[in-house]
Amino acid sequence: MGNPLWLIARRTFAEGWLRLIATLLAALGSIALIAGSLQFALRAQEAVAGSDASEYVHVDVLVQGGTVDPGDPFAPPDGRIRLDQVASRPGVAAAAGDATTAVTASRSDGQAIMAAAEGRTLLRSWVSDPKLNPYRLEAGRAPAADGEVAIVRHMSLAGDLRVGDTMTLTLPRQTRQVRIAGIVTVQGRGAVAAGDLVLAPPETARRAAMLPAGSWQSVWLKTAPGVPADRLRGELARDLDDAATVRTAESVRNAQTTAASGEGASIAGVVGMLASVAIFVGLFVVANTFGTLVRQRTRRLALLGAIGATPRQIGRLIRLEALVLGAVASVGGVAAGFPLAELIIWLFARDGFDVSASAPQVGWIALTVPVVAGLLVTQAAAWRAAYRAGNVSPIEALRSTVTEPRERRWPRLLSASAIFVAACFLCAVAVTVRVSDPPGPDRTFAITLMILFASMLAVTGLAVLAPFFVGPLGGLVGRIGTLVSGETGRLAHATITRSPRRVSSSASSLMLGVALVASLVLVTMSVNDRFREAGREVMAAEHAIASTARTAEGAPAPLSRDVAAKATGAPGVSRTTALTQTEVTLVPSEPAKAAAGPFRFLVSGAEQRGLRDVLRLGGRPPALGAGEIALSSAVMKERGLRRGEDIIVRGAQGRTTLTVAGSYHDPSHLFADQALVASETMDRLDANAATLAVLVRGGSPQALAHAVAGVSGVRVLDRDAYVTAASQSLTRALRSTYGFVGMALLLALFGMATTVTMSVVERTREFGLLGAVGATTRQIRSIVRWEAATVVLLGTILGLAIGIGTLALLHVTTGSSFLRPDPPWWLFLALAAGAAVATLATSALPARRAAGVPVLEAAKAE
Amino acid sequence: MIEAPPGERVSDRVMTATDVIKTYGSGDGAVSALRGVSASFVQDEFTAIMGPSGSGKSTFMHCLAGLDTVTSGSIVVGEVDITGLSRTRLTELRRDRMGFVFQSFNLLPMLTAEENIRLTGGLAGRDLDQGWFDTVVDALGLRKRLTHRPAEMSGGQQQRVAVARALLTRPDVLFADEPTGNLDSRSSAEVLGFLRAAVDDYRQTVVMVTHDPVAAAYADRVLFLADGVIVDELAEPTIDAVHARMRRIEG
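As you go down the protein sequences, you meet chains A and B in turn.
With our numbering, letter number 101 in the first sequence gets 101, and the count goes up by one each step, no holes.
With our numbering, letter number 126 in the second sequence gets 1126, and the count goes up by one each step, no holes.
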């Protein structure tokens, strides 16, 4: 008969799959989440890093004006280069000037066209020289006149645009309509590594980039036959000296590829964190349901033990069953991972991170890793159940009813303590990170990760301890039950306190669900409250005009600066200020500081006259003159700068020396988080600085809307609405967890449904007996409901404790004012109500069925 | 079968219980199920254990079979005292030397009759003795039922499958715990007839717990338990003699 254990495992699975289906689906869901997250991470990686298509494919040497940012190969150079300086040199076969400007493209109906993941949309010069032109026309023709453009294929697909359609381009200084003359691909790809391209005649691109006639940001060169690129590069570098950076196109292409894969890795980190939650929830749910399955089959396992199966063989039987379950769930999970990945991609794309252009990944990583993870998760989940099964005494087979044997308290207490010690250790690590690491997103990420794992451990620890809480809680519920429904309440009390493990295993899954929801709701509410509060404090303007389009981070896309002038004329308006922003790099004063890597920060620009009418920054920065900068206290402290000190920053237009005029802070982090300059200074740093919003004091929303009616893609927002919109980029990570937590919650509820159903079904006989001695169907259902009430009470209390505890830990360890445990009273009621509905819904059907089983039928049940 | 003189049987002793005490719980709430039971079981003998409800007859058999632990005393099977053995060693000893037939729930519902019969040997990793398998199956009239699942068989057929499973390993002792408790009289007679035949034809040793004097009359001797001690013993029992003794014990 072969291996009898294998035979039993296979048959149990084949015949009991209906009973196992909930466990199977729980495991499948968790594996699907793992597979889906991995698929998403791989596709994001491909979308970010994958378009290795380079516009420099036919270029040999690249001459870039001024200097370039060594850390960002996509950033435009900070100087200018005249085409005639290099075009006529010996050894040059062809030359073309290139100018790029970041723009927002929208369809004529106002809907923005998002660039592929983490990419930008750039307005750029069309290259007409066939020796250099990387753009292959797929449709239409090259842009010939001002107002005509060619777009890359990704844009045409994403925006459903065809040749001949019009499109709105929001440039830093103006908004204009353009006609699509052609659609191109680059090396067969729909976009380039930098993002999407809008190709305009060179003169249009040059003017948009605010360059004087004949000057370009960079010049592309093709060497004459027989001239090596490196030699031409060397000669040019020598002759042009500091005025330009000369590089071979190959080195630029390599740098672009490296940078792109780095970005992919950071996304994989976040997704990995979410996937670890999926693994934990899967482990927890499968372990819980497996434990219940083993408890339910005590007699069968005991019979095996009585007729000759050793404890080790019985343990192996359970592990074999887990293997079958894991294998089926893994295959299903990998398959389900593909549509799930589509869902995650869709959720992220809604927030501006669009990776849908990438193809589904079917490499061995995408297929093997979830399968292996699934097998490991189910084996790990079955480990404790297998151990328990091995310990079932053969004498149990001879008992007519299955009762929970009494167990010693100390192993449970000991393992719970061990788990809590591990959780405390992780918290201690988080505190150490807080103390030793410099502040920043990396530190926050590390701390959050530690706290997240600590919370998962705490959930496990509480689940282990849960049976101890059932007694007192069951007593309480039983007393209430006795008061309300008399004898049934008394019976319910007896049922609850007699089987603490059964009640607690249902409550554990509920606890996990409540903890997930409570943590997320608390964090979201705390963050949003803080943004609203701080935003109201800082933003004195009543209105803000912002773009309807969004950046890849989810914040409003830049708008063109001419909107400010339009709003100024509106009736009742007393002040309009365009809030601009650009990124600069601090040029280190001493070589020692350079070793730490470049320090990049965002500089906000605003007209200084009457600034306090629209923005009230903390610490009251002085009115800034030209060449002055105010820094946030955090930046001052971190870089060790003093008031009156001169600093050199490198912006889009080269190096600029600025005097630190004072410090301030922006508690909202939304308007001038790191540094502030006057608008004249901003023009020197970056003439094309992005305009985040136009802040308006006075006037009515209607009047303002009327004033900007001619500009497509902008809207007038009130204070709270603008703060909410602007904070989107900072809460993106939080929002990206919603989908995951939703799916994890579904899994947890599934687990609860399984355990509750099984706990009712395993008592069919008991209910039958109750029916035989005169309990009505209604009374039996009432007993099940009282038991459910205990489950709800236990699950909600423990889950809320975890949720609030997590937020409190985060508050203490990160020290952030954005994470404050301040739950409103209605949250408790809402969660308890939700938990009650979920529990009653999952127990109602099996209770109805169990109560309806005829007495004789019930007596026959195994 | 004619009983041989006692001296001749000592060497055939397969199992001896000495002063077995079994107490549940501790302190004031302690309940004594067995209070010093001693008994020997010899080869080729069919012993029935009888007694009123709560007399400890089932507990005694569970202790003999190593299914339950004893509080004190010793149980020697062959040369081995089983009271000190680990769970695994006990299980191995059970599957090598003992067979079981319970009152109900003897078979795994997901396996066919044949798979159930061969389960114990399979768990021990032993090769099947096909000749012996055929002998047992034919003797019990199970040939046509081999591919059936327990749910497709009558109670009597299920008990016969259980007997076949117990016999297939040629155990030193076959334990039967109220094997006919759930059966009608005709099926009972069949199952008891097979147990008797196992002793007579295949030289098996059988220990059976029962409360039914009719069943007890199939045995070679009957041990009577009351309040956790052996109060009487009857050789060559008849239905009437067993009845009379039981009435006397129950008072």
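Just so you know, even glycine gets a beta-carbon here, dropped at the ideal spot from N, CA and C.
*asked:* Residues in the same chain with beta-carbon distance under 6 Å from L413 (chain A), minus the five sequence neighbours each way, listed in chain order, please.
replied: Excluding positions up to five away in sequence, the list is empty.
*asked:* Between the alpha carbons of V371 (chain A) and T657 (chain A), how many angstroms are there, rounded?
replied: Distance between V371 (chain A) and T657 (chain A), taken at the CA atoms: about 57 Å.
*asked:* Pairs of beta-carbons, one from the region 796-814 of chain A and one from the region 492-502 of chain A, closer than 8 Å: are there three or more?
replied: At 8 Å Cβ cutoff, the stretches do not touch.
*Pick helix, strand or coil for A1004 (chain B), following the three-state DSSP scheme.*
Only weak support exists for where A1004 (chain B) lies, its pLDDT of 43 falling under 50; the coordinates are left without a value.
_C-beta atoms of S526 (chain A) and R820 (chain A) nearer than 8 Å_ = Yes, the pair counts as a contact, with Cβ atoms nearer than the cut-off.
_Residue-level contact to chain A via CB, L1067 (chain B), 8 Å cutoff_ = Taking Cβ atoms only, chain A reaches closer than 8 Å to L1067 (chain B), which makes this a yes.
_Just to confirm, is the Cβ distance from F919 (chain A) to A381 (chain A) under 8 Å?_
Residue numbering for chain A in the displayed model covers 1 to 862; residue 919 (chain A) lies beyond these limits and cannot be assessed.
_Using the three-state DSSP reduction, which class does D1019 (chain B) fall into: helix, strand or coil?_
It is a strand residue.
*Please determine, among A:G569, A:F767, A:D562, A:L734, the residue with the shortest C-alpha to C-alpha distance to T691 (chain A).*
The option with the nearest alpha carbon to T691 (chain A) is A:D562.
*Alpha carbon to alpha carbon, how far is G852 (chain A) from Q1158 (chain B)? Give it in angstroms, no decimals.*
The C-alpha of G852 (chain A) is placed about 29 Å away from the C-alpha of Q1158 (chain B).
*Confirm, please, whether the CB-CB distance from G751 (chain A) to V514 (chain A) is below 8 Å.*
For V514 (chain A) and G751 (chain A), no; Cβs fall outside 8 Å.
*Kindly list the residues whose CB is nearer than 6 Å to the CB of L462 (chain A), restricted to its own chain and excluding five residues on each side of it in sequence; keep chain order.*
So the list reads L798, once near-sequence residues are dropped.
*Are any of the Cβ atoms in chain B nearer than 8 Å to that of R297 (chain A)?*
At a cut-off of 8 Å, the C-beta of R297 (chain A) has no neighbouring C-beta in chain B.
*On a CA-only basis, which of A:R107, A:L746, A:A753, A:V792 is nearest T842 (chain A)? Give me that one, please.*
Nearest to T842 (chain A) by alpha-carbon distance, out of A:R107, A:L746, A:A753, A:V792, is A:A753.
*Candidates A:T659, A:S37, A:L794: closest to A466 (chain A) by CA position*: Restricting attention to A:T659, A:S37, A:L794, the CA atom closest to the CA of A466 (chain A) is found in A:L794.
*Identify the contact partners of T12 (chain A) in chain B, using a Cβ-Cβ distance below 8 Å as the criterion.*
M1110, listed in chain order.
*Which residues does DSSP pair with T101 (chain A) in a beta bridge?*
DSSP output for T101 (chain A) lists A:L123 as bridge partner(s).
*In DSSP terms, what A1235 (chain B) is bridged to*: Listed as beta-bridge partners of A1235 (chain B) by DSSP are B:R1221.
_Proximity test, Cβ basis, 8 Å: L7 (chain A) and chain D_ = No chain D appears in the structure shown, which is made up of the protein chains A and B.
_Local Cβ density within 10 Å of V1163 (chain B), reported as buried at 16 or more and exposed below that_ = V1163 (chain B) comes out buried.
_Residues of the region 761-786 of chain A whose Cβ lies closer than 7 Å to any Cβ of chain B, in chain order_ = Only those residues of the region 761-786 of chain A whose C-beta falls short of 7 Å from the nearest C-beta of chain B would be listed, and there are none.
*By the criterion of Cβ-Cβ separation under 7 Å, what are the contact partners of E1152 (chain B) in chain A?*
Those do not exist, as E1152 (chain B) stays about 13 Å from chain A at its closest Cβ, beyond 7 Å.
*Cβ pair count under 8 Å reaching 3, the region 192-209 of chain A against the region 125-132 of chain A*: Output reads yes: the region 125-132 of chain A touches the region 192-209 of chain A.
_Using a Cβ-Cβ cutoff of less than 7 Å, which residues in the same chain neighbour A145 (chain A) once the five nearest sequence positions on both sides are dropped?_
Cβ within range, chain order: P201.
_For A139 (chain A): DSSP bridge partner residues_ = A139 (chain A) is bridged to A:I183.
*Alpha carbon to alpha carbon, how far is D1200 (chain B) from I1002 (chain B)? Give it in angstroms, no decimals.*
Low confidence applies here, because I1002 (chain B) scores a pLDDT of 41, under 50, leaving its location unreliable and the question unanswered by this model.
*If we cut at 8 Å on Cβ distances, does A306 (chain A) have a partner in chain B?*
Taking a beta-carbon distance threshold of 8 Å, A306 (chain A) counts as an interface residue toward chain B.
_Please classify K637 (chain A) as buried or exposed, where buried requires at least 16 neighbouring CB atoms within 10 angstroms._
Exposed: under 16 other Cβ atoms inside 10 Å.
*Say whether chain B places a C-beta atom closer than 8 Å to the C-beta of L889 (chain A).*
Chain A is shown from 1 up to 862; residue 889 (chain A) falls before or after that span and cannot be answered.
_Residue environment, C1063 (chain B), which counts as buried when at least 16 other CB atoms sit within 10 Å_ = Flag for C1063 (chain B) reads buried.
*Under three-state DSSP, which class holds K131 (chain A)?*
Coil, per DSSP.
*How would you list, in chain order, the residues of chain A whose beta-carbon sits under 8 Å from the beta-carbon of T1120 (chain B)?*
Residues of chain A whose Cβ lies closer than 8 Å to the Cβ of T1120 (chain B) are, in chain order, I307, G308.
_Would M758 (chain A) and T292 (chain A) qualify as a contact pair, given that the criterion is a beta-carbon distance under 8 Å?_
Yes, Cβ-Cβ distance for M758 (chain A) and T292 (chain A) is below 8 Å.
*asked:* Between V186 (chain A) and P134 (chain A), how many whole angstroms is the CB-CB distance? I'm expecting something under 8 Å.
replied: Yes, V186 (chain A) and P134 (chain A) are in contact; Cβ-Cβ is about 5 Å, under 8 Å.
*Taking Q64 (chain A) as part of the alpha helix (DSSP H), name the residues at either end of that continuous run.*
In the DSSP annotation of this structure, Q64 (chain A) is not part of any alpha helix (DSSP H); the continuous beta strand (DSSP E) holding it starts and ends at 61-65.
*Assigned secondary structure, Y56 (chain A) (DSSP; H/G/I helix, E/B strand, else coil)*: Assignment of Y56 (chain A) by DSSP, reduced to helix, strand and coil, places it in the coil class.
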